[in-house]
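Number of protein chains: 2
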Amino acid sequence: MMSTTTVNHRIRLAARPHGVPTPADFQHDAVEVPSPGAGQVLLRTRYISLDPYVRGRMSDAKSYAAPMEIGDVIVGATVSEVVRSEADGFTPGDVVLSYGGWQEYSVESTGHLRHLDPEAAPVTTALGVLGMPGFTAYAGLLAIGKPQPGETVAVAAATGPVGSAVGQIARIHGARAIGIAGGERKVAQLRELGFDAALDHRAPDLPGRLAEASPEGIDVYFENVGGAVWDAVLPQLNEFARVPVCGLAANYNATALPEGPDRSGQLMGSVLAKSLTLRGFIQREFASTMFPDFLRDMTGWVTSGQVQYTEDITQGLDSTPEAFVGMLRGANFGKAIVQVS
Amino acid sequence: MMSTTTVNHRIRLAARPHGVPTPADFQHDAVEVPSPGAGQVLLRTRYISLDPYVRGRMSDAKSYAAPMEIGDVIVGATVSEVVRSEADGFTPGDVVLSYGGWQEYSVESTGHLRHLDPEAAPVTTALGVLGMPGFTAYAGLLAIGKPQPGETVAVAAATGPVGSAVGQIARIHGARAIGIAGGERKVAQLRELGFDAALDHRAPDLPGRLAEASPEGIDVYFENVGGAVWDAVLPQLNEFARVPVCGLAANYNATALPEGPDRSGQLMGSVLAKSLTLRGFIQREFASTMFPDFLRDMTGWVTSGQVQYTEDITQGLDSTPEAFVGMLRGANFGKAIVQVS
Chain U
1 MMSTTTVNHR
11 IRLAARPHGV
21 PTPADFQHDA
31 VEVPSPGAGQ
41 VLLRTRYISL
51 DPYVRGRMSD
61 AKSYAAPMEI
71 GDVIVGATVS
81 EVVRSEADGF
91 TPGDVVLSYG
101 GWQEYSVEST
111 GHLRHLDPEA
121 APVTTALGVL
131 GMPGFTAYAG
141 LLAIGKPQPG
151 ETVAVAAATG
161 PVGSAVGQIA
171 RIHGARAIGI
181 AGGERKVAQL
191 RELGFDAALD
201 HRAPDLPGRL
211 AEASPEGIDV
221 YFENVGGAVW
231 DAVLPQLNEF
241 ARVPVCGLAA
251 NYNATALPEG
261 PDRSGQLMGS
271 VLAKSLTLRG
281 FIQREFASTM
291 FPDFLRDMTG
301 WVTSGQVQYT
311 EDITQGLDST
321 PEAFVGMLRG
331 ANFGKAIVQV
341 S
Chain R
1 MMSTTTVNHR
11 IRLAARPHGV
21 PTPADFQHDA
31 VEVPSPGAGQ
41 VLLRTRYISL
51 DPYVRGRMSD
61 AKSYAAPMEI
71 GDVIVGATVS
81 EVVRSEADGF
91 TPGDVVLSYG
101 GWQEYSVEST
111 GHLRHLDPEA
121 APVTTALGVL
131 GMPGFTAYAG
141 LLAIGKPQPG
151 ETVAVAAATG
161 PVGSAVGQIA
171 RIHGARAIGI
181 AGGERKVAQL
191 RELGFDAALD
201 HRAPDLPGRL
211 AEASPEGIDV
221 YFENVGGAVW
231 DAVLPQLNEF
241 ARVPVCGLAA
251 NYNATALPEG
261 PDRSGQLMGS
271 VLAKSLTLRG
281 FIQREFASTM
291 FPDFLRDMTG
301 WVTSGQVQYT
311 EDITQGLDST
321 PEAFVGMLRG
331 ANFGKAIVQV
341 S
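Those sequence lines, one after another, are chains U and R. Quick note on the working numbering: the first sequence kicks off at 1 and runs consecutively. Quick note on the working numbering: the second sequence kicks off at 1 and runs consecutively.
Okay, structure coming up:
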């Protein structure tokens, strides 16, 4: 399965991006495949997950996760195959959810690895609908958003792996789902997914169209983009609305604060005037309490077809930076994944 | 007790204030004392409560309460005495918590009136520590802030009726309390009230002094002022910090948005990066579930001396506008009240 001449192609952080990442921010190299120590496994990467939070870790601004250092292999969840094992319970050929990053091989300790059953579901779903993005949607919507039957839930980036799960779970819980996405093709997909209203944020007058689509206001806004969508949503929020904040993709490539006036005090004024709840979260906060329920519920919904998902798979490790930048600007169509081997 | 020649002096809204209210915004007049209908009582106002939310109701901007109309008597909670009763259960001489506003007499239906026992506590406490401000502190701190033993709670306007209760209740619950107020005299009072740290927001470098006073960060910030204090608090908030938002006094007289840059996206970024909870609230949301506990707990704490309070009582109805404007800029020292009769 592996010869001693095999090399490990990697993509490392060459420089901290200023704004949108460019090719110069990534360094491709090749090194010898590492050897696992006691309790470790050598993994061959099959799929790399592309996720917005990785852009944050390329910067050195304080955030919820420590930044990468210059020279580090770019981080990311992976679906990988065990090629050599020095750990109990792992055998060559096993497929695992791992955190190998942007490279062909990784050596990992086994504490965080999760065995995947290729018979139960396509293994790529562990990076999307049955993985971190799906769990982000499930935990944020149910633990913070708490949608009630008949309420209205809005979400942007709604064809993405988080947004599409938010809308579909909201509908399963009896709420009305409004999806916002960029472009006619994505809007059409939202309708196929069963969203009650689908809006193109690229078309004119999003605030007016959103108001029209939410005649009874919005009770839960699952925030994963920020920017102009948030500006359109805020006036529609009802008293006691809940806003789980799991991402602000519109800001990730910003290099300076936008021009004034300063609307931060006005935002606090809306929080007060409408008794809003704004709650930032990272899915890991809920992992110990909700992940087993999530896996049970979501596997059932995917199996029954109540939750559908889309994957956008790019071929080849070398394509990863370009696919990543495309994902940041919404060029992907469904969960963005790179197939490495 | 009442003669047919008695007139009712009133203060009405003459114009919506632009910025800080001026004398021209208030109209003093005198009319015949009204007569109670069936189920109503005629009340003589003894004390008027001055509260920041009233400034909001003078404007016609959308908020949590309907605005006053031009010509309306300025609203406000009152402690009043029944002078004529056409309602069961109310007898001349009874002292009640009412909502008579800025006038000498009011006719009110009895559904919202609460009998006060002058033997149990000074009746003015029904406007402060044992009334809406005290309940605002109790409900917001305990239901939203949820301070845990050893955590740090910060509050501004900390000698005011809400802030002083927040700090003292936080300490009763085992938390460390940081109080922020304007001027040396108020800072000295915070120390007497038992606050663990007391900061003057008028002295230079509030951010630096606040950082020094919160070496383990801030877990709960009870927001009632906004502005520069919030700017100093935000960097000190810990992961999972809770921010009950009950007022933004610094903004109430603002006439335009402040100059840029626009920091609203940055604020959302902090909510995300630290998993913050921002939660606006009005005390009435919690009235049905928490008010009886509040009255029991707070009466006990006041009686035992665990919670102290200060009142700033101005004499005479005609002084009300000036005392109100002074309260808005923090000139009062403790709960601001006008004694009418």
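Idealized CB from N, CA, C, for every residue including glycine.
Checklist entry - Cα separation between R:Gly334 and R:Glu223? => result 18 Å
Checklist entry - In angstroms, rounded to a whole number, what distance separates the CA positions of U:Leu272 and R:Val245? => result 6 Å
Checklist entry - Which residue from U:Trp102, U:Ala203 and U:His201 puts its Cα closest to that of U:Glu322? => result U:Trp102
Item to check | Where R:Met327 falls, given that 16 or more other Cβ within 10 Å makes a residue buried | outcome: buried
Item to check | Short CB-CB distance (under 8 Å) between R:Glu216 and chain U | outcome: no
Next on the checklist: Within 8 Å of any Cβ in chain R, is that where the Cβ of U:Ser275 sits?
Outcome noted: yes
Checklist entry - Which same chain residues, not among the five before or five after R:Ser319, have their C-beta less than 8 Å away from its C-beta? => result Val338
Next on the checklist: If I measure Cβ to Cβ from R:Met1 and keep anything under 6 Å in the same chain, skipping five residues before and after, which residues do I get?
Outcome noted: At R:Met1, the pLDDT of 46 sits below 50, so the modelled position is not reliable and the matter cannot be decided from this model.
Checklist entry - What residues in the stretch 277-293 of chain U bring their beta carbon closer than 8 Å to a beta carbon of chain R? => result Thr277, Leu278, Arg279, Gly280, Phe281, Ile282 and Glu285
Next on the checklist: On the criterion of 16 or more Cβ atoms from any shown chain inside 10 Å, does R:Gly226 qualify as buried, or is it exposed?
Outcome noted: buried
Item to check | Which residues DSSP lists as bridging R:Asp29, in chain order | outcome: R:Arg10
Checklist entry - Are U:Pro149 and U:Gly128 closer than 8 Å when you measure CB to CB? => result no
Item to check | R:Gly179 (DSSP reduced to helix, strand or coil) | outcome: strand
Checklist entry - In the DSSP assignment, what are the bridge partners of U:Ser98? => result U:Thr78
Next on the checklist: Residues in the same chain with beta-carbon distance under 7 Å from R:Ala24, minus the five sequence neighbours each way, listed in chain order, please.
Outcome noted: Ala14 and Ala15
Checklist entry - Does the Cβ-Cβ distance between R:Ser106 and R:Thr6 come in under 8 Å? => result no
Next on the checklist: Count Cβ pairs between the stretch 167-182 of chain U and the stretch 190-210 of chain U that sit closer than 8 Å; are there 3 or more?
Outcome noted: yes
Checklist entry - Along chain U, in chain order, which residues have C-beta atoms closer than 8 Å to that of R:Asp262? => result Leu257, Pro258, Glu259, Gly260, Pro261, Asp262, Arg263 and Ser264
Item to check | Endpoints, alpha helix (DSSP H) assigned at R:Ser49 | outcome: Note, R:Ser49: premise wrong, no alpha helix (DSSP H); beta strand (DSSP E) at Gln40 to Ser49.
Item to check | Sequence-distant residues of its chain with Cβ nearer than 8 Å to R:Met290 (five each side left out) | outcome: Phe135, Tyr138, Ala139, Leu142 and Ala143
Item to check | Sequence-distant residues of the same chain with beta carbon closer than 7 Å to R:Glu311, five excluded per side | outcome: Thr124, Gly128, Gly334, Lys335 and Ile337
Checklist entry - Would DSSP call R:Ser106 helix, strand or coil? => result strand
Checklist entry - Out of R:Ala170, R:Ala203 and R:Ala77, which has the shortest C-alpha to C-alpha gap to R:Gly194? => result R:Ala170
Item to check | Beta-carbon neighbours of R:Asn251, restricted to chain C and to distances below 7 Å | outcome: The question asks about chain C, but that chain is absent: this structure's protein chains are U and R.
Checklist entry - By the 10 Å Cβ neighbour count, where 16 or more other Cβ atoms means buried, how is U:Ser3 classified, buried or exposed? => result Unreliable positioning characterises U:Ser3 in this predicted model, as indicated by a pLDDT of 47, which lies under 50. A coordinate reading is not provided.
Next on the checklist: Rounded to whole angstroms, what is the Cα-Cα separation between R:Ala65 and R:Gly247?
Outcome noted: 13 Å
Next on the checklist: DSSP three-state label for U:Leu335, please.
Outcome noted: Before going on, a small fix: residue 335 of chain U reads as Lys here, not Leu. It is a strand residue.
Next on the checklist: Pull the bridge partners of R:Ala154 from the DSSP assignment, please.
Outcome noted: R:Ile178 and R:Tyr221
Next on the checklist: Please report the straight-line C-alpha distance between R:Pro204 and R:Ala232, rounded to a whole angstrom.
Outcome noted: 12 Å
Next on the checklist: So, does the stretch 28-39 of chain U touch the stretch 67-76 of chain U, judging by three or more C-beta pairs under 8 Å?
Outcome noted: no
Item to check | Proximity test, Cβ basis, 8 Å: U:Gly160 and chain R | outcome: no
Next on the checklist: Taking only three categories from DSSP, how would you classify R:Ser164?
Outcome noted: helix
Item to check | Proximity of U:Leu43 and U:Gly100 at Cβ, strictly below 8 Å | outcome: yes
Checklist entry - Beta-carbon of U:Val245 versus every beta-carbon of chain R: anything under 8 Å? => result yes
Checklist entry - Which of helix, strand or coil does DSSP assign to U:Ala241? => result strand
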